[in-house]
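**Student:** Take a look at the following structure, please.
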Amino acid sequence: DPWSRTVLRRMMAKGPDQIAGVSHTVKAFVHTTFRVPLYRLTVVSNGIDFSSLHLRPPHPFHDVPRLLCIGRLTKQKGQETLLRALAQVKRPWRVAVFGGGAGRPRLGGLA
Numbered sequence: 032d033p034w035s036r037t038v039l040r041r042m043m044a045k046g047p048d049q050i051a052g053v054s055h056t057v058k059a060f061v062h063t064t065f066r067v068p069l070y071r072l073t074v075v076s077n078g079i080d081f082s083s084l085h086l087r088p089p090h091p092f093h094d095v096p097r098l099l100c101i102g103r104l105t106k107q108k109g110q111e112t113l114l115r116a117l118a119q120v121k122r123p124w125r126v127a128v129f130g131g132g133a134g135r136p137r138l139g140g141l142a
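Take 32 as the starting number for the sequence shown in the working numbering and just add one per residue.
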C-alpha cells in the first residue's frame with residue numbers, strides 16, 4: 032500500500048472501541064502496522080472444527096471433489112492463485128467462487 036493509505040488506515044483505526052481480525056497473524060499485523068493497542072484487538076477464530084473432517088483415502092475418487100471459496104474478490108484473498116493452481120490439477124473437480132469486489136471481471140475471465 033502507498034504510505035498515504037497506511038496513514039489513513041492508522042487514523043481510521045483510532046475510532047472503534049474494538050477491531051476483530053480472523054487470525055493472530057492479522058492481529059499482529061494491525062497492531063504493528065496501524066499501531067492499534069492489543070487490548071482493542073480481538074481474534075474471531077474460524078468456526079469449522081477441522082478435527083471432525085475425514086481425509087479421503089489415497090485411491091481414485093468415485094465422486095467429483097467440490098471446492099468452495101467465499102470472500103472478497105481481491106488480489107489479497109488469492110482466488111487468482113486458486114484458479115491458476117486448479118488449472119494444473121487433473122480433473123474431475125468442481126470449484127465455486129462466491130463474492131464481490133473489484134476482481135470479479137478479471138477472475139471471471141480467468142475462470
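All C-beta atoms in this analysis are idealised placements derived from N, C-alpha and C, irrespective of residue type, glycine included.
Kindly indicate which three-state DSSP category Val-53 falls into: helix, strand or coil?
**Tutor:** coil
**Student:** For Thr-73, write down the residues that DSSP places opposite it in a beta bridge.
**Tutor:** Ala-51
**Student:** Jot down the residue ranges of each uninterrupted beta strand (DSSP E) in the stretch 65-124, minimum 3 residues, whole runs only, in chain order.
**Tutor:** 72-74, 97-101
**Student:** For Gln-110, is the classification buried or exposed, using 16 other Cβ atoms within 10 angstroms of its Cβ as the cut-off for buried?
**Tutor:** buried
**Student:** Just checking my contact of Thr-73 with Gln-49 at CB under 8 Å: how many whole Å lie between their CB atoms?
**Tutor:** 6 Å
**Student:** Does the distance from the CB of Cys-129 to the CB of Ile-101 come in under 9 Å?
**Tutor:** Going by the sequence as given, residue 129 is Phe instead of Cys. Contact: yes.
**Student:** Looking at the structure shown, is Ala-59 part of a helix, part of a strand, or coil, going by DSSP?
**Tutor:** DSSP places Ala-59 in helix when its eight states are reduced to three.
**Student:** Are there 16 or more other CB atoms within 10 angstroms of the CB of Val-61, so buried, or fewer, so exposed?
**Tutor:** buried
**Student:** Can you give the Cα-Cα distance for Ser-76 and Leu-69, rounded to whole angstroms?
**Tutor:** 16 Å
**Student:** From Lys-106 to Gly-139, what does the alpha carbon distance come to, in whole angstroms?
**Tutor:** 13 Å
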